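Going by the working numbering, the letters in the sequence shown line up with residues 42 to 283, in that order.
Beneath this line is the structure, given in structure tokens, with notes to follow.
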Amino acid sequence: MSGDDEVLAARAAYRRGDWRSAYDGFGRAHDSAELNTDDLSSYGMAAWRLGYGRESIQLCEQAFNRLLAEGDQQYAAMKAVEVALQWFNGGDLTITRVWLNRARRLLEKFPEDQTIAYLLYVDSLLSIYEGRYDAGAQRAEELQEFTSRLNSPGLTALGLTASGLAKIPFARTDEAFADLDEAMMPVLADQVPVDWAGDIYCAVIHECFRLGDLNRMKTWTDAMEKWCQGPDVSASWYGTTC
């Protein structure tokens with residue numbers, strides 16, 4: 042198969058959620074010729090969904106640098122937020138903050154760009170993990186105010202998740218779980234992009250376990266087993282967490 046055919050096949054696999062075929066196809070094409078920026082980004086995300094974290098981050102950082110060089114500030118900002126989420130999930134809070142700051146600077150001229158919702162979500166969770174609970178709550182409030190102007194169930198789910206997690210350090214447990222329960226609805230309806238849906242799922246289940254709410258944990262674990270059967274999810278490492 043020629044390099045062009047490999048890329049076309051990899052793109053088709055990526056669109057249908059076949060992350061393994063997409064990853065392998067982009068990898069073979071990348072070995073013989075330079076991928077364009079969109080394909081490099083897709084290659085990185087396919088790697089992430091297969092659990093190849095470090096390789097994914099390297100590819101996504103390369104895609105970010107390409108986007109900056111091409112002058113696509115909005116797409117670069119979203120890529121920076123995605124990289125921030127990857128570093129956050131890897132437990133490196135300092136590097137997460139660096140990538141969020143990069144995204145924030147790029148978005149200064151685009152105050153209504155939907156990427157701001159993703160930025161505020163990661164910023165809220167990061168602030169909570171840093172022990173800056175007031176800042177985490179403030180970012181969650183800003184996120185909910187921002188998403189209230191949009192008709193986007195997926196972004197609303199991010200706002201509810203951040204709001205719920207931000208309430209837990211202040212012992213507002215009942216309110217927190219009400220928000221987290223509500224956040225799960227768009228996830229189960231496949232209205233949230235798979236990587237962000239997986240993050241919501243992990244956050245909700247983790248808090249149920251940490252706070253000893255085993256009945257709620259079982260409810261959401263059972264529900265998420267069905268979500269994990271979807272083609273985009275079952276082919277990824279998220280499917281193995283259910």
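A virtual CB, placed ideally from N, CA and C, is assigned to each residue, including glycine.
For clarity, every value in this text was computed on a predicted model and none was experimentally measured.
Sequence-distant residues of its chain with Cβ nearer than 8 Å to residue i (five each side left out)
i: LEU206; result: SER165, LEU166, ILE169, GLY177, ALA181, ALA217, LEU221, ALA244, GLU248
i: PHE250; result: MET258
i: MET285; result: There is no way to answer for residue 285, as the model of the chain reaches only from 42 to 283.
i: LEU255; result: CYS249
i: THR214; result: LYS208, LEU252
i: ARG173; result: none
i: ALA121; result: PHE105, TRP140, LEU141, ARG143, ALA144, LEU147
i: VAL163; result: VAL122, ALA125, LEU126, PHE129, THR137, LEU141
Boundaries of the alpha helix (DSSP H) in which residue i is found, first to last residue
i: GLU211; result: One point to set straight first is that residue 211 is Phe, not Glu, in the sequence displayed. That residue, PHE211, is in no alpha helix (DSSP H); it is neither H nor E in DSSP.
i: LYS150; result: That residue, LYS150, is in no alpha helix (DSSP H); it is neither H nor E in DSSP.
i: GLU248; result: 235 to 251
i: LEU191; result: No alpha helix (DSSP H) holds LEU191; DSSP gives it neither H nor E.
i: GLY68; result: 60 to 73
i: ASP164; result: 156 to 170
Cβ neighbours of residue i in the same chain (closer than 7 Å, five flanking residues each side left out)
i: ALA117; result: PHE105, LEU108, LEU109, LEU147
i: TYR242; result: VAL228, MET265
i: GLU75; result: none
i: GLU47; result: GLY66, ARG69, ALA70
i: GLY85; result: SER97, LEU100, CYS101, ALA104
i: TRP261; result: MET225, VAL245, ILE246, CYS249
i: TYR55; result: ALA63, SER83, ALA87
Collapsed DSSP secondary structure at residue i in the structure displayed
i: ARG90; result: helix
i: CYS269; result: coil
i: THR281; result: With a pLDDT of 44 at THR281, under the threshold of 50, the modelled position of that residue is not reliable, and the figure given next carries that caveat. In the structure shown, THR281 sits in a helix (DSSP, three-state: H, G or I).
i: ARG257; result: helix
i: ALA54; result: helix
i: GLN179; result: helix
i: GLN232; result: coil
i: ASP263; result: helix
i: LEU76; result: coil
i: GLY85; result: helix
i: ARG173; result: coil
Contacts around residue i, its chain only, beta-carbon distance under 6 Å, and the 5 residues preceding and following it disregarded
i: THR281; result: For THR281, the predicted structure reports a pLDDT of 44, less than 50, and the residue's modelled location is therefore unreliable. The matter cannot be settled from this model.
i: THR137; result: ALA125, TRP128, PHE129, LEU167
i: CYS283; result: Since pLDDT at CYS283 reaches only 43, below the 50 mark, its modelled position is unreliable, and the value read off the structure follows with that caveat. MET265, GLU266, CYS269.
i: GLN232; result: PRO194, GLY195
i: THR188; result: ALA158, LEU196, THR197, GLY200
i: ALA150; result: This sequence places Lys at residue 150; Ala is not what is there. If we look at LYS150 and ignore the five residues flanking it on each side, it has no Cβ neighbours.
Contact with chain C by residue i, beta-carbon distance below 7 Å
i: ASP222; result: Here chain C cannot be found, since the structure has a single protein chain.
- [ ] With a floor of 3 residues, list each beta strand (DSSP E) that falls wholly inside the region 105 to 135, ordered by position along the chain.
- [x] Within the region 105 to 135, no run of beta strand (DSSP E) reaches 3 residues while sitting entirely inside it.
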